[in-house]
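Chemist: At position 97 of the sequence shown the residue is numbered 815 (my numbering), and the sequence of numbers has no breaks.
Just so it is clear, CB atoms sit at the ideal spot from N, CA and C, and this is done for glycine as well.
For clarity, every value in this text was computed on a predicted model and none was experimentally measured.
Pasting a structure here, questions to come.
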Amino acid sequence: MYEATETATKLLVTAMGLIDTFDSQQRSLAVIDAFDDPRRLDWDIIPRPDRTGLSMHHLDRHQKVLMWDLIRLAVPLRTFTKVLAIPQMEHVLRDYEYGFLGPALASWRSSESYFLTFFGRPGFEDTWTLRFLGHHVCVNLTIIDQRWISATPVALGQQPTEYDGVLKPLFEDEETAFELLASMSADQLESAVVHDVAPADFVTRQVPRIGAREIPDHYDLGMPDYVITDSDRHALEFVRDRPSGISGGALDDGQQHLLWKIVDCYLERLPAEAGERHRAALRASGIDSLYFMWAGARKRGAPHYFRVHTPLHLIEAVNSVGQGNHLHTVLRDFDNDFGRRTIAEVAGKDGRWGRGHLSSRYTSSDEL
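This is how it looks when you write it as structure tokens:
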């Protein structure tokens, strides 16, 4: 499912071309030699003062073109346009928040405050990670032996979602869920809606690996205006082997179409070459294996949350803070976020490809 050699090669060549333009200072910020650096597992999309990587502020015009080419190679066109648009929402936010965050906002809310980082050695037949991270964007790809690609977690957000403007990059990412909810009968809603309070952020939070059981935090970091209780937290809990909500098998044909539409929208965040395989695998598992769960308000402009639980992936979308005017969404892979399973199973273990080849290239045959 993760094999994507054509995409991996194009990403590698573009990455090497971009890195070749870096001066020594840019290279020191952008390239972290240690692939196992713990910062590789950071995918938090809130504003942070401690970002790792090379900021777009420090790229020249040509380098920015190459950087955006990297992102375009990583995701399909529809998702690429979302990633392009989300940083532009910072200009909307700068106007939107001026009254309570003050004049320093002009330098803090910027469409340039996004960071590019390479972990490991972007080289032929090697394993490395490309990450583009900033407010409301985390595009995160682990390229393994120039052969496999893991592209999760991939998180996108939008703020505001309810305003008098036309720039709404994630509208479809939650609108189809509203359509599905509105189509349900009373009995179906009884199964799908598990709680009347939405979490403040992702139920599974920003953990590098989803555990067998996860519960949400009381509030979103830095935003204590929306707080849930311990009772709410446990009502919203995620249990991997016991999906919450309504099974796709309990939906009619039109509703099943909407559920597949949600899943496909989020799978479109994966590289096209691998994304088709993920879609095929889920179709093969059957609609009964998908579960749709809702919590909170059933209308826009109030706190709400949904998730889709599949045998392979978890989709979460939460829009709670700011009275349902601040959306966070994520696609996770239960077993292969950050390439964990693929690295353990195949990376460098084929002596004809990957690190085994790299080792033999620089070691005497007598020693081997």
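Kindly indicate if chain C contains any beta-carbon less than 8 Å away from that of residue 941.
Modeler: Of the protein chains in this structure there is only one, and it is not chain C.
Chemist: Specify, as a first and last residue, the run of the alpha helix (DSSP H) that residue 997 falls within.
Modeler: 990 to 1003
Chemist: Compute the Euclidean distance between the alpha carbons of residue 963 and residue 881, then round it to the nearest angstrom.
Modeler: 30 Å
Chemist: I'd like to know whether the C-beta atoms of residue 753 and residue 841 end up nearer to each other than 8 Å.
Modeler: Not closer than 8 Å, so no.
Chemist: Tell me the rounded alpha-carbon separation between residue 887 and residue 1082.
Modeler: 54 Å
Chemist: Whole angstroms are fine: how far does the CA of residue 757 sit from the CA of residue 851?
Modeler: 12 Å
Chemist: With a Cβ-Cβ cutoff of 8 Å, do residue 726 and residue 861 count as a contact?
Modeler: yes
Chemist: Return yes when the Cβ of residue 873 is within less than 8 Å of the Cβ of residue 1048, no when it is not.
Modeler: yes
Chemist: Considering residue 729, what are the terminal residues of the alpha helix (DSSP H) in which it resides?
Modeler: From DSSP, the alpha helix (DSSP H) with residue 729 extends over 723 to 738.
Chemist: Distance, Cα to Cα, residue 765 vs residue 810?
Modeler: 16 Å
Chemist: Residue 680 lies in the alpha helix (DSSP H); which residues open and close that run?
Modeler: Examination of residue 680 is not possible in this model, given that the chain is present from 719 through 1086 alone.
Chemist: Which residues in the same chain have their Cβ closer than 6 Å to the Cβ of residue 722, if we skip the five residues on either side of it in sequence?
Modeler: 867, 989, 991, 992
Chemist: Can you list, in chain order, the residues of its chain with a C-beta nearer than 7 Å to that of residue 915? Leave out the 5 residues immediately preceding and following it.
Modeler: 946, 950, 1013, 1014
Chemist: Go through its chain and collect everything with a Cβ distance to residue 740's Cβ below 7 Å, but skip five positions before and after it.
Modeler: Once the five neighbours on either side are set aside, the close Cβ partners of residue 740 are 748.
Chemist: Residue 781 to residue 775, Cα distance in whole Å?
Modeler: Roughly 11 Å separates the two Cα atoms.
Chemist: What does the Cβ neighbour count give for residue 863, buried or exposed, with the cut at 16 atoms within 10 Å?
Modeler: buried
Chemist: How far does the alpha helix (DSSP H) with residue 889 in it extend, from its first residue to its last?
Modeler: In this chain, the alpha helix (DSSP H) harbouring residue 889 covers 889 to 900.
Chemist: With a 10 Å radius around its C-beta and 16 neighbouring C-beta atoms as the bar for buried, classify residue 659 as buried or exposed.
Modeler: Because the chain spans 719 through 1086 in this model, residue 659 falls outside it and cannot be assessed.
Chemist: Report the three-state DSSP secondary structure of residue 1030 (helix, strand or coil).
Modeler: In the structure shown, residue 1030 sits in coil (DSSP, three-state: anything other than H, G, I, E or B).
Chemist: Under a three-way DSSP split, which group does residue 865 fall into?
Modeler: coil
Chemist: Which stretch, first to last residue, makes up the beta strand (DSSP E) that contains residue 966?
Modeler: Here residue 966 belongs to no beta strand (DSSP E), and DSSP marks it neither H nor E.
Chemist: Which partner residues does residue 750 have in the DSSP bridge list?
Modeler: 837
Chemist: Flag this pair as yes or no: are the beta carbons of residue 1173 and residue 921 separated by less than 8 Å?
Modeler: Beyond the ends of the chain as shown, which are 719 and 1086, falls residue 1173; an answer cannot be given.
Chemist: Tell me which residue opens and which closes the alpha helix (DSSP H) that residue 907 is part of.
Modeler: 904 to 910
Chemist: Report yes if the CB atom of residue 788 is closer than 8 Å to the CB atom of residue 730, and no otherwise.
Modeler: no
Chemist: Since residue 846 is in the alpha helix (DSSP H), which residue starts that stretch and which ends it?
Modeler: From DSSP, residue 846 is part of no alpha helix (DSSP H) but of the beta strand (DSSP E) over 846 to 852.
Chemist: Hey, quick one: how far does the alpha helix (DSSP H) through residue 1040 stretch, first residue to last?
Modeler: Under the DSSP assignment, residue 1040 falls in the alpha helix (DSSP H) whose first and last residues are 1039 to 1042.
Chemist: With residue 944 and residue 935 assumed to form a contact (beta carbons below 8 Å), what rounded beta-carbon distance in angstroms separates them?
Modeler: That belief does not hold up - the Cβ atoms of residue 944 and residue 935 are roughly 11 Å apart, past 8 Å.
Chemist: With C-beta atoms as the reference, is residue 833 less than 8 Å away from residue 772?
Modeler: Judged by their CB atoms, residue 833 and residue 772 are nearer to each other than the 8 Å cut-off.
Chemist: Would you report the Cα separation of residue 769 and residue 853, rounded to the nearest angstrom?
Modeler: 11 Å
Chemist: State the beta-bridge partners of residue 1025 as determined by DSSP.
Modeler: According to DSSP, residue 1025 shares a beta bridge with 1011, 1034.
Chemist: My output table needs one value for residue 935: the three-state DSSP class, helix, strand or coil.
Modeler: Coil, per DSSP.
Chemist: By how many angstroms is the C-alpha of residue 808 removed from the C-alpha of residue 870?
Modeler: 24 Å
Chemist: So residue 1090 is in the alpha helix (DSSP H); what residue range does that whole segment cover?
Modeler: One cannot answer for residue 1090 here, as it falls past the ends of the chain, which runs 719 to 1086.
Chemist: Work out the CA separation of residue 1007 and residue 799 for me, nearest whole Å.
Modeler: 31 Å
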